[in-house]
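Only one structure is covered here, and it is reproduced in the block below.
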Amino acid sequence: MFYYGFDMYYLILVMPALIFAMWAQFNVTSTFKKYSRVSSERGMTGRDAARLILDRHGLTNVEVVETRGNLTDHYDPKANVIRLSETTYNVQSAAAVGVAAHEAGHAVQYAEGYSPIKLRQAIIPVSRIGSSLAIPLVLLGIIFSYMPIAYAGIILFGAAVLFQLVTLPVEFNASRRALATIDETGVLSGDGLHAASRVLRAAALTYVAALFVSLANMLRLLALVSNRRDR
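Take a look at the structure:
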């Protein structure tokens, strides 16, 4: 569906998903900033919370270090290290504790062999190839009217969609682990626990938005190929 060189499928399918993704990113940033003003009740920093959870699960070999940036927190399974951003690492706030506990939850997932995270790790190489080659293959198939190439591109893009789909239970589970542990250990309670929950819920929406963007692009590619095939 091209009009004067303009891809209407992008406008109809992808643009709404991108707007949702931008809103989700703004929402997590503003929510984190808001609840960074809520102090952690025991004066714990993000690093303290991550260390407590790791030690509680016997993961004394996992390091917790500081990294530059805002909300750049992540667990690196290859290096076996949790990297906490400047706004989390040494900050005594409910938001920082929640984010740090979430990353510690990922370390626990790997240690326990949590199935969805093992699946996600396995499909990362294919999803990266799919993300980079899918659209060029689809366009080549359309330009040269050779649909097998176009469908190969769609199949490759499906791996990227699968990656985003598998990411959801991984992230939701890490957040549930985080909230349960900080509640059980009394790191946070009441307003602090509520604040951490709101931050992690906002973060989860960014992964939902990423899945919507991938699905929208998948539908767009299918529509473009179907439209070309029916001509």
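First residue of the sequence shown: -4, per the working numbering; consecutive thereafter. Built from N, CA and C at the ideal position, the CB exists for glycine as well. Bear in mind the structure is a predicted one, so any value in this text is a computation, not a measurement.
For V78: DSSP bridge partner residues: The sequence shown places Arg at residue 78, rather than the Val named in the question. Looking at the DSSP output, R78 sits in a beta bridge with V60 and H69.
Beta-carbon gap between L183 and A191 smaller than 8 angstroms: Yes. Within cutoff.
Sufficient close CB pairs (3 or more, under 8 angstroms) joining the region 192 to 208 to the region 100 to 120: The region 100 to 120 and the region 192 to 208 do not touch, with fewer than three beta-carbon pairs separated by less than 8 angstroms.
Start-to-end residues for the alpha helix (DSSP H) that takes in Y146: Following the DSSP letters along the chain, one finds Y146 inside the alpha helix (DSSP H) bounded by residues M142 to E179.
Burial state of Q116 (16 or more Cβ within 10 Å): Flag for Q116 reads exposed.
Reference A175, options E166, L49 and L188, closest by Cα: That would be L188, whose Cα lies nearest to the Cα of A175.
Exposure of E179, with buried meaning 16 or more beta-carbon neighbours within 10 Å: Per the 10 Å Cβ criterion, exposed.
Limits of the unbroken alpha helix (DSSP H) element including V182: DSSP places V182 outside any alpha helix (DSSP H), giving it a letter other than H or E.
Distance between F152 and L6 (C-alpha atoms, nearest Å): Spanning the two alpha carbons is a distance of roughly 19 angstroms.
Assigned secondary structure, S122 (DSSP; H/G/I helix, E/B strand, else coil): Correct three-state label for S122: helix.
First through last residue of the alpha helix (DSSP H) which encompasses L47: For L47, the enclosing alpha helix (DSSP H) begins and ends at G41 to R51.
According to DSSP, residues forming a beta bridge with S127: Residue pairing from DSSP leaves S127 without any beta-bridge partner.
Range of the contiguous alpha helix (DSSP H) that encloses G100: For G100, the uninterrupted alpha helix (DSSP H) segment begins and ends at A89 to E107.
At least 3 beta-carbon pairs within less than 8 angstroms: the region 71 to 90 vs the region 127 to 144: Contact annotation: the region 71 to 90 does not touch the region 127 to 144, with fewer than three C-beta pairs closer than 8 angstroms.
S31 (DSSP reduced to helix, strand or coil): In this structure, S31 counts as coil in the three-state DSSP scheme.
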